[in-house]
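Residues 8 to 58 in my numbering are what the sequence shown lists, from first letter to last. Each residue gets a CB set at the ideal place from its N, CA and C atoms; glycine is no exception. Beneath this line is the structure, given in structure tokens, with notes to follow.
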Amino acid sequence: MVVDIELTLNRFGFGKIAENKFQLFCFRFSKWNIVNKHSISFEINWRAKDK
8 MVVDIELTLN RFGFGKIAEN KFQLFCFRFS KWNIVNKHSI SFEINWRAKD K
């Protein structure tokens, strides 16, 4: 199983946003069932403001 944890600095929410994604405040959790692969990753995402 592969698990991704994202810190989304510009988007906040609560609830399921896709089949394998769940948003909890500024954290987005994703998981995939990939045979013979085990991984946990962490990402930080943000959007720059247009000037």
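Inter-residue spacing [alpha-carbon to alpha-carbon] between F34 and N43: Rounded to the nearest angstrom, the gap between the Cα atoms of F34 and N43 is 26 Å.
Backbone secondary structure at M11 - three-state DSSP: For the record, residue 11 in the displayed sequence is Asp; it is not Met. Under the three-state reduction of DSSP output, D11 falls in the strand class.
Neighbourhood of K23 by C-beta, 6 Å cutoff - its chain only, sequence neighbours within 5 removed: Hits under 6 Å: F29.
Separation of F32 from G20, as counted between CA atoms: Roughly 5 Å separates the two Cα atoms.
Supposed contact pair L16 and S39 - C-beta distance, whole angstroms, cut 8 Å: The question names Ser, but residue 39 is Trp in the sequence shown. W39 to L16, Cβ: 24 Å. No contact.
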